[in-house]
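Data block below; observations after.
Residue numbers (full-length UniProt numbering): 1 to 119.
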């Protein structure tokens with residue numbers, strides 16, 4: 001099977017079909033998702049959405065005492081990385097956590113944490 005220059009294929013040595021494929025593009029996307037979560041302000045937004053379930057950007061920036069543009073910028077990062085989802089209701093946009101995506105992220109993070117190097 002052909003591989004792109006973004007894919008590393010490693011033989012496990014147990015036969016011709018027994019290979020590990022590591023797509024560097026996927027690694028880069030995954031790193032973006034983890035970077036989106038690994039930010040104090042975005043963690044505060046996630047916690048706030050967990051507590052309130054559904055909020056507008058106005059409610060978020062008032063609660064966190066932020067400028068509206070700052071809250072919107074961080075919500076955009078969370079939205080692009082599928083950590084929050086949004087729905088329009090009239091002139092308001094409501095944000096909530098994408099719990100399915102967060103469940104997947106939590107599982108992957110736990111699996112990666114299990115590989116941590118020993119000190």
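A virtual CB, placed ideally from N, CA and C, is assigned to each residue, including glycine.
Taking the alpha-carbon positions, what's the residue 52 to residue 94 distance?
Numbered from its first residue, the chain shown carries residue 52 at position 52. Numbered from its first residue, the chain shown carries residue 94 at position 94. Cα-Cα distance, rounded: 11 Å.
Name the two residues that bound the continuous alpha helix (DSSP H) containing residue 100.
On the chain shown, position 100 is the one that residue 100 refers to. First-last of the alpha helix (DSSP H) with residue 100: 99 to 113.
What first and last residue would you give for the beta strand (DSSP E) that runs through residue 88?
As a position in the chain shown, residue 88 is number 88, starting the count at 1. Per DSSP, residue 88 belongs to the beta strand (DSSP E) from 84 to 89.
Quick one: grab the DSSP three-state call for residue 6.
Within the chain shown, the letter at position 6 stands for residue 6. In this structure, residue 6 counts as coil in the three-state DSSP scheme.
Straight-line CA distance for residue 119 to residue 92?
Position 119 of the chain shown, counted from the first residue, corresponds to residue 119. Position 92 of the chain shown, counted from the first residue, corresponds to residue 92. Straight through space, the alpha carbons of residue 92 and residue 119 are spaced by roughly 50 Å.
Can you give me the start and stop residues for the beta strand (DSSP E) that residue 22 sits inside?
Against the chain shown, residue 22 aligns to sequence position 22. Its beta strand (DSSP E) spans residues 19 to 23.
Straight-line CA distance for residue 6 to residue 59?
Taking the first residue of the chain shown as position 1, residue 6 is located at position 6. Taking the first residue of the chain shown as position 1, residue 59 is located at position 59. The straight-line gap from Cα to Cα measures roughly 42 Å.
Tell me, which residues are paired with residue 93 by DSSP?
As a first step, residue 93 is located in the chain shown; it is residue number 93 there, counting from the start. According to DSSP, which records beta bridges pairwise, residue 93 is partnered with 88.
From 77, 45, 78, residue whose alpha carbon lies closest to that of residue 62:
Translated into the one-based positions of the chain shown, residue 62 becomes position 62. For residue 62, the nearest C-alpha among the options comes from 45.
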